[in-house]
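K.L.:
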Amino acid sequence: MQAVTLASPAPDPRRRSFDASGKLTVALLFLPPAVLLFTIFVMLPIGEAAWYSGYNWNGFGPPRNWVGLDNYRFVFDNRAFGIAFRNNILIIVVSLVVQLPLAMALAIILAETFRGAVALRMLFFLPYILAEIATGLIFSFVYDGDYGLLAAICRLFGVEAPHLLASPQTSMLAILIVVVWKYFGFHMMLFIAALQGLDKNLIEAARIDGATRWQMLRFVILPLLKPAIKLSVFFAIIGSLQLFDLIMPLTRGGPADSSQTIVSFLYNFGVTRMRIGFGSAVGVILFVGCVVFAFSYKRWVLRDE
Amino acid sequence: MKVLKFLGALTVGSLLSAAASAQTVVRWLHIEPNPGAIRLWEETARDFEAKNPGVKIEMSFLENEAFKARLPTMLQSRDKPHIIYSWAGGVLKAQVEAGVLEEITPQVREHMAGLAPGAVGAFTLNGRIWGVPHAVSQVGFMYNKELMTKAGVDGDAIKTWDAFLDAVRKLKAAGITPIMVGGGDKWPLHFYWTHLAVRLGGKPAFEAALRGENGGFEGPVFQRAGDMMKELVDLQPFQNGFLGTRNPQAVGAFGDGRAAMILAISSFYATQRALSANKEGIPDDKLGWFNFPAVPGGQGLPTDTLGGVNGWLVTKGAPPQAAEFLKHFVSAEVQTRLAAGGFLIPVAKGADTGLRAAFLQNIARNIGASTYHQNFYDQDLGPSVGRVVNDATSELAGGTMNPRQVAKAIQDAFRQGN
Amino acid sequence: MSDLSHASSRFDPVTFYKALFLLAVALFVATPLVATVLGGFKSLGELRTNPFGLPLNWEMEHYASILFSWRYWELLRNSLIIATLATTLTLIVASMAAFVFAHVAFFGSKMLLSYITLGLLFPAATAILPLFIKVRDLGLLDSYMGVVLPQVAFGLAFSILLFRRFFKDIPHELLEAALVDGCSYANFYRYVTLPLSRPILATVGTIAFVQSWNSYLIPLVMLNSESLYPWPLGIMIYQGEFSAEWHLILAFITLTILPTILIFLIAQKHIVAGLTAGAVKG
């Protein structure tokens, strides 16, 4: 606080009349970097995606070959896109049905203080901060048919090791397991933070009233956690929509496109083939999906908060 | 602030070190996984540097699939490599049209007279030379004689598709994995469909399809190719999890003796050793080869071949020394040495005398006598259509598309040209 | 469970099941990580016969060969440069903008904030191809800045919101008093806001750093020279080269996630606070 009086230089008399406090200056100097960066690298590209998506263009020279909405038709006609879409839904479903209850159960146990609770919280949170690439590689080892941990477990029981990542029927299952492994800790932490913010008196009151554990959970804790649950669902869905890094080291979207996500589809079919128009169309579809979801979620689900 | 200073120091440091070396650097990006071949290549580069003071050849490696995925973005950057690998065909054409390559006609024209005209032609568009070929290859079945004998199959006697399917059945009955394939990379699977089409329709069918006649790639020849490929797929001839196996793994596993056959590019002769666990692979006396079998009623000749013409392109803005180095790299002397190492079928005239292995001599004879040498479809049909051929044929192998859907997907892509 | 002395004196089945459940999850989480670290000490053959246990024979050479390789340190250097630049830029640019949004009311301020908040709604992947073209046209392909600027831009919205919320909590009287004393807004930002904001600077900085450190798609598309690759790109190349030599790959993975884990242990408070920040209503 002393710094204010000590370090503030003598005010410039010429500026005193106009913008004496430097209010305007600060707005004119402090805002443009952020606004420019954001406009050039976020908003313009999104606008350009919509523009490019009308062209058949490989990125060289200016886009010339206008094809109207053809790129969108090609995207929706593409079998792999259908699979990618389905997989994104699948990831959301598993996040909601498996991951959130798991995270919630762990949060309720670990929100209490006992020896080792903090260490366990940290352990469960650890996968979340590991890079997706590293996680993917670790699990491609776990699933490896020759050297992997899963193969070793299978050998223990005398059954042949399944090549989970190599079969179109099981590749998504394998990826879903990794998704749960990596992200449940994050949701658990969300819930723990929320649980610690709860009014202890309410819970105590319920206990004194003789509520059973189940009743406490069902009628006291869960309703109080509603805001946290809504947020967790929000993150799970947004996270699913952008899942990519994890897919690349595990399957690159294969085999036979069985584990594509929308973003891996965009990468494999748009970026590596330099089909700017086609890829931009996928981007626009994803963008619309994200924005529509975010707005309707905000409007319909988060409206009372 | 300290951090910024430190970063500043770093950038200045790297600028200085770059400026200190006042020599021309030629950046050479390759995809050769075989350390044996690389040793020879490096020698060649050092050779060239010794003869041309002030030039430095910098080699860097990218794995085949990573290279293909990266190339389109890489070609647009300022610091692109000067020499890149190429399979010619439609991909080359697209690169030329995009203006990312340096025309090298004046520099190399005379030198090209010393190379096989067909191979040079693959890198010539409208009389302008865009690249230097360095090897040719043939696609066919490489097999493990021991395993075949164990199942009572004589590889050399497989001349027809039916005999081939029969061999697959016998191998399966004997508990041997009939065929290894790197389905994860997709293109190894497209060989089946493509080579069946070559056998079924020959050159006329392919050219008609390019002109959009006879239903294009949806025409009867290509539908039939899909049907026959499905016949094979239905026998479940491939190793477990073949759709996830990458090609280098598959070639290595064949070298380890884990399957009887592999539909191979002839250059796998050397890579199956380099990629096998013991680095020795299948020795010459146990390694067999038969050409892709003939099909009943096929219009193609048994002497038609599917294979690659591989070479090197010079990217826009590369120093002239890049093309000079390539001339040195495909000189008869260097080619002879590489042929002697068993690493390639050379394109320099007279270099085939270097071929010591009977295996490669046989391939060279096949290619020499070829009545129609079809380049790999996935390269020949251009970047977008080629990738769809790979996608669709691997879906056929995975059972997620039927032959009609495959043909339609390819024809759609071809029509879109997108 | 909350009281261990009770648990030991009277057997409580619920406590028992809870403990069992925790143990199962802990094993599920820890086994792959531990096996990865230990795998780097084993030979390929032992990896196959003894994937879970301690190595019978501690082979140091895999780790040593990576630690003594130029390649490993180059990857870390690149990641460090990129992440440091991204973090520094994010802190400066976002805190400045947030300061204005928090303290200066001007016409259109609300709209401008909503405009930037749009950035929260979609990931960089949606615009990756036009972004590539943009970076190319700016001549930034294959440069650190070509990765850093998009990363910063896509992280701005979240960072600005976090900063703004914190800045708004700084008592308004403080600003008024300073203004009366003749202190300018800029000086207030420099000498009051920033020194008071260490916790939020640490939080935003840690998130920006971790996200940049781990990011894959943007460098994948923008960088082509191996000498500029951050570690996620490098490790994928490494895996392509040593596809079946898992002991080497596992050692490499361990050594590349080590910095992340160290940062996590040092700054866990900020990471947890920052990454779960959305849970606290703002």
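Protein chains in written order, with the working numbering: chain A, 1421 to 1725; chain B, 282 to 699; chain C, 7 to 288. C-beta: ideal position from N, C-alpha, C; glycine also.
I need the DSSP call for residue 503/B, collapsed to helix, strand or coil.
P.N.:
helix
K.L.:
Extract the residue ranges of the alpha helix (DSSP H) inside the segment 1609 to 1682 of chain A, only unbroken runs of 4 or more that lie entirely within it.
P.N.:
Fully enclosed alpha helix (DSSP H) runs of no fewer than 4 residues occupy 1620 to 1628, 1646 to 1661, 1667 to 1670 of the segment 1609 to 1682 of chain A, in order along the chain.
K.L.:
Compare the beta carbon distance of residue 256/C and residue 1559/A with 8 Å and say whether it is the shorter of the two.
P.N.:
no
K.L.:
Starting from residue 416/B, trace the beta strand (DSSP E) in both directions and tell me its first and last residue.
P.N.:
412 to 417
K.L.:
Less than 8 Å between CB atoms is the rule here; does residue 309/B satisfy it with respect to chain C?
P.N.:
Using a CB distance cut-off of 8 Å, residue 309/B does not count as an interface residue toward chain C.
K.L.:
Under a CB-based cut-off of 8 Å, is residue 45/C close to chain B?
P.N.:
no
K.L.:
Would you call residue 1672/A buried or exposed, if buried means 16 or more other Cβ atoms sit within 10 Å of its Cβ?
P.N.:
Label assigned to residue 1672/A: buried.
K.L.:
For residue 633/B, does the count of other Cβ atoms within 10 angstroms reach 16, so buried, or fall short, so exposed?
P.N.:
Buried: at least 16 other Cβ atoms inside 10 Å.
K.L.:
Starting from residue 54/C, trace the alpha helix (DSSP H) both ways and give me its first and last residue.
P.N.:
50 to 55
K.L.:
Which residue comes first and which comes last in the alpha helix (DSSP H) that contains residue 479/B?
P.N.:
In the DSSP assignment, residue 479/B falls within the alpha helix (DSSP H) that extends over 468 to 491.
K.L.:
Identify the continuous beta strand (DSSP E) that holds residue 421/B and give its terminal residues.
P.N.:
420 to 425
K.L.:
So that I know if they touch, is there some Cβ in chain B lying closer than 8 Å to that of residue 1478/A?
P.N.:
For residue 1478/A, at least one C-beta of chain B is nearer than 8 Å to its own C-beta.
K.L.:
Is the distance from the Cβ of residue 433/B to the Cβ of residue 570/B below 8 Å?
P.N.:
Contact check for residue 433/B against residue 570/B fails: the beta carbons are separated by 8 Å or more.
K.L.:
From residue 566/B to residue 537/B, what does the alpha carbon distance come to, in whole angstroms?
P.N.:
15 Å
K.L.:
Is it the case that the Cβ atoms of residue 1644/A and residue 1555/A are separated by a distance below 8 Å?
P.N.:
no
K.L.:
Taking Cβ-Cβ distances below 7 Å as the criterion, which residues of the segment 378 to 397 of chain B are in contact with chain A?
P.N.:
379, 380
K.L.:
With distance defined between alpha-carbon atoms, name the residue in 1706/A, 1713/A, 1507/A nearest to residue 1677/A.
P.N.:
1507/A
K.L.:
If residue 429/B and residue 541/B are in contact, beta carbons under 8 Å, what's the gap, nearest whole angstrom?
P.N.:
5 Å
K.L.:
List, in order along the chain, the chain A residues whose C-beta lies closer than 8 Å to that of residue 343/B?
P.N.:
Per Cβ cutoff of 8 Å: no residues; residue 343/B is ~13 Å from chain A at best.
K.L.:
Would you verify that the beta carbon of residue 517/B is, or is not, closer than 8 Å to some beta carbon of chain A?
P.N.:
Chain A contact via Cβ: absent.
K.L.:
Any Cβ of chain B within less than 8 Å of the Cβ of residue 1482/A?
P.N.:
So no, residue 1482/A is outside the interface.
K.L.:
Whose C-alpha, out of 659/B, 669/B, 318/B, 359/B, is nearest the C-alpha of residue 617/B?
P.N.:
318/B
K.L.:
Using 8 Å as the cut-off, can you tell me whether the segment 615 to 630 of chain B makes contact with the segment 307 to 321 of chain B, which would need three or more C-beta pairs spanning the two stretches below that distance?
P.N.:
Verdict: yes, contact present.
K.L.:
Can you name, in chain order, every residue of its own chain whose Cβ lies under 7 Å from the Cβ of residue 288/B, other than the five neighbours on each side?
P.N.:
Confidence at residue 288/B is low in this model, with a pLDDT of 47, below 50, so its placement is unreliable and the value that follows should be read with caution. None.
K.L.:
Would you report the Cα separation of residue 147/C and residue 141/C, rounded to the nearest angstrom?
P.N.:
6 Å
K.L.:
Do you know offhand how far residue 1518/A's Cα is from residue 1546/A's?
P.N.:
19 Å
K.L.:
In chain C, what lies closer than 7 Å to residue 1690/A by C-beta?
P.N.:
The CB of residue 1690/A comes closer than 7 Å to the CB of 135 in chain C, given here in chain order.
K.L.:
What's the gap between the Cα of residue 235/C and the Cα of residue 651/B?
P.N.:
44 Å
K.L.:
Suppose contacts are defined by Cβ-Cβ distances below 8 Å. Is residue 656/B in contact with residue 589/B by that definition?
P.N.:
yes
K.L.:
Cβ atoms of residue 1648/A and residue 1610/A: under 8 Å apart, would you say?
P.N.:
Contact: yes.
K.L.:
Please list the partners that residue 735/B has in chain C, where partner means a Cβ-to-Cβ separation under 7 Å.
P.N.:
As shown, chain B starts at 282 and ends at 699. That puts residue 735/B outside it, with no answer to give.
K.L.:
Beta-carbon of residue 697/B versus every beta-carbon of chain A: anything under 8 Å?
P.N.:
yes
K.L.:
Using a Cβ cut-off of 9 Å, pull out every chain C residue sitting near residue 1686/A, in sequence order please.
P.N.:
131, 132, 134, 135
K.L.:
Give the DSSP-derived three-state secondary structure of residue 181/C in the structure shown.
P.N.:
When DSSP states are grouped into helix, strand and coil, residue 181/C belongs to the helix group.
K.L.:
Using a Cβ-Cβ cut-off of 8 Å, state whether residue 1430/A counts as contacting chain B.
P.N.:
Here the model assigns residue 1430/A a pLDDT of 48, short of 50, so the residue's position is not dependable and the matter cannot be decided.
K.L.:
Kindly indicate the opening and closing residues of the alpha helix (DSSP H) around residue 377/B.
P.N.:
370 to 379
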